[in-house]
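Enquirer: Before I ask anything, here is the structure I am working with.
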Amino acid sequence: MANVRPVSELAEHSTDVAQRILGSILHGPHGSGRIVETEAYGGAEDPASHAARGLTPRTEPMFGPAGVLYVYLIYGMHHCANVVTGASGDGQAVLIRAIEPVTITDKMREARPKARRDVDLANGPGKLCAALGIDRRHDRLDLTNNESMVRLDLRTPVAASHVVQTTRIGLSVAQDTPWRWYVSDSPAVSRK
DNA sequence: CGTTTGATGCTCT
DNA sequence: GAGCATCAAACGG
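Numbered per the working numbering, the first sequence spans residues 222 to 413.
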């Protein structure tokens, strides 16, 4: 019963879920934080998505049910965390790009030794995975299961008046598609 | 300040 | 073998 509502809210298009989960809490092995920046990926029309070229061993989680965690390694050293959305077979996900730390632990600080301010602990997709202790081992976890090492605690979405929509970061294609959203008054957004 | 570049390894062609 | 949904240090003005 407790998990019925979350799954249905995540089973929509990635562009809807990306906005809806701003303000929700992401919990990892090292701590937790409030989601303040997201990007939508997927759908057959998105060439920037890992799912654009069909199902592969790596992207298989994206084609599964909503509410699952998709984690991949980027540039050989950083991890990125995504929430799978849509219906099974769609190949959609929302990349979590930044969180404001809520529960800060010693493990979190040890994983991010370069961060001087708390706000720098997780203000980027690779940084947040390091801070929360998320890596490939957590790929395919059910984010809506209270027993999971990584889970998404859905909260009231941030009001649209406090949300900015822009283009996604770091892409070589689809650079004009405005599928990135962030909380305008958050100090933990990666870039404005 | 701003921009550029090196690190590092997995994934798919 | 090329290309990354990145980060931080090293530049230059």
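Backbone N, C-alpha and C define an ideal beta-carbon position, used for all residues, glycine too.
These numbers come from a predicted model, not from an experiment.
Could you give the DSSP three-state label for Gly347: helix, strand or coil?
Expert: Correct three-state label for Gly347: helix.
Enquirer: Cβ of Thr365 within 8 Å of Cβ of Gly288?
Expert: Yes, the pair counts as a contact, with Cβ atoms nearer than the cut-off.
Enquirer: Excluding the 5 residues flanking Asp422 on each side, which residues of the same chain have their C-beta closer than 8 Å to its C-beta?
Expert: With the chain covering only 222 through 413, there is no way to say anything about residue 422.
Enquirer: Alpha carbon to alpha carbon, what distance is there between Gln396 and Ile246?
Expert: The alpha-carbon atoms of Ile246 and Gln396 are separated by roughly 28 Å.
Enquirer: Kindly indicate the opening and closing residues of the alpha helix (DSSP H) around Thr280.
Expert: From DSSP, Thr280 is part of no alpha helix (DSSP H); its letter is neither H nor E.
Enquirer: Taking 8 Å as the threshold, find out whether the segment 315 to 333 comes into contact with the segment 269 to 285 through three or more Cβ pairs.
Expert: Touching, no.
Enquirer: Would you list the residues sitting across from Tyr403 in a DSSP beta bridge?
Expert: According to DSSP, which records beta bridges pairwise, Tyr403 is partnered with Glu258 and Val385.
Enquirer: List the DSSP bridge partners of Tyr293.
Expert: Answer is Cys301.
Enquirer: Going by DSSP, name the residue or residues bridged to Glu321.
Expert: Beta-bridge pairing links Glu321 to Arg255.
Enquirer: Secondary structure at His359, three-state DSSP: helix, strand or coil?
Expert: Three-state DSSP puts His359 in a helix.
Enquirer: Note down, in chain order, each residue of its chain lying with its Cβ closer than 6 Å to the Cβ of Gly312, except the 5 sequence neighbours on either side.
Expert: Gly263, Ala272, Met283 and Phe284, listed in sequence order.
Enquirer: Relative to the alpha-carbon of Ser229, which residue among Arg401, Leu375, Arg318 and Val385 has its alpha-carbon at the smallest distance?
Expert: Checked all of Arg401, Leu375, Arg318 and Val385; the closest Cα to Ser229 is Leu375.
Enquirer: If you follow the alpha helix (DSSP H) that Arg330 is in, where does it begin and where does it stop?
Expert: Counting along the chain, the alpha helix (DSSP H) containing Arg330 begins and ends at Asp327 to Ala332.
Enquirer: Go to Arg372, then tell me how far its beta strand (DSSP E) extends in each direction, as first and last residue.
Expert: Arg372 to Asp374 is the span of the beta strand (DSSP E), which, as asked, contains Arg372.
Enquirer: Below 8 Å on the Cβ atoms is my guess for Trp400 versus Thr236; work out the distance and round it to an integer in Å.
Expert: Yes, they are in contact, since the Cβ atoms of Trp400 and Thr236 sit about 6 Å apart, within 8 Å.
Enquirer: Tell whether a beta-carbon distance below 8 Å holds between Tyr403 and Glu258.
Expert: Against a cut-off of 8 Å, the Cβ pair of Glu258 and Tyr403 comes out as a contact.
Enquirer: By Cβ distance, which residues of its chain are closer than 7 Å to His248, with the 5 residues on each side in sequence left out?
Expert: Within the same chain, His248 has close Cβ partners Val371, Arg372 and Asp374.
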